[in-house]
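Visitor: First, the structure itself, so that you have it in front of you.
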Amino acid sequence: MQNHQPTEIRRLSQSLSIEWKNGLRSEIPYRILREKCPCARCSAMKQEKDPFQLLPSEDYWKNLHLVGIQPVGRYAVQLQWSDGHKTGIYTFSFLYELSTDTHQDVSSNNATTK
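To get our numbering, take the position in the sequence shown, counting from 1, and add 1.
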């Protein structure tokens, strides 16, 4: 669990860059972070699976960016998005899990393109 502590978090143009205490460096695309928002409202919307729910357009995702990061104690950050959403609290453990998932996806993609 101690390795799930970031030593640095930076906003990039389309992703969040995190360096972890264990040396892992990761970039999590904003789209993934926004889609995986852990707030109660987003979690409930994911559970409903409404067939008539409109999905965001590609323009929405292209224009989405992170406007702020606020620390939440010593265990999480609250991300503030350009679409006005700011209630998601992303624990370091959750971000680490997303980091390793994203890292594996990148590794898999690189392996298939060689």
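Here a beta-carbon is modelled for each residue, glycine too, at the ideal position from N, C-alpha and C.
The structure displayed is predicted, hence computed values, not measured ones.
Enumerate in chain order the residues of its own chain whose CB-to-CB distance from Gly69 is below 6 Å, with the five nearest sequence positions on each side excluded.
Guide: Here the set comprises Gln81.
Visitor: Quickly, what does DSSP pair Ala45 with across the bridge? List them, please.
Guide: DSSP output for Ala45 lists no bridge partner at all.
Visitor: Please name the residue or residues paired with Leu80 in a DSSP beta bridge.
Guide: DSSP lists Ile70 as partners of Leu80.
Visitor: Helix, strand or coil for Ser58, going by three-state DSSP, please let me know.
Guide: Of the three classes helix, strand and coil, the one that applies to Ser58 here is coil, per DSSP.
Visitor: So Glu20 and Glu9 are supposed to be a Cβ contact under 8 Å. How far apart are they, rounded?
Guide: With 8 Å as the limit, Glu20 and Glu9 qualify as a contact, their Cβ atoms being about 4 Å apart.
Visitor: Exposed or buried, which one is Tyr76 when buried takes at least 16 other CB atoms within 10 Å?
Guide: Per the 10 Å Cβ criterion, exposed.
Visitor: Whole-angstrom Cβ separation of Pro39 and Tyr91, contact assumed at under 8 Å?
Guide: The pair is a contact, with the Cβ atoms about 6 Å apart (cut-off 8 Å).
Visitor: So, under 8 Å CB-CB, Leu17 and Leu67 are touching, yes? Tell me the CB distance rounded to an integer number of Å.
Guide: Yes, they are in contact, since the Cβ atoms of Leu17 and Leu67 sit about 7 Å apart, within 8 Å.
Visitor: Determine the closest residue to Tyr97 out of Lys47, Leu34 and Arg12, with distance taken between C-alpha atoms.
Guide: Checked all of Lys47, Leu34 and Arg12; the closest Cα to Tyr97 is Leu34.
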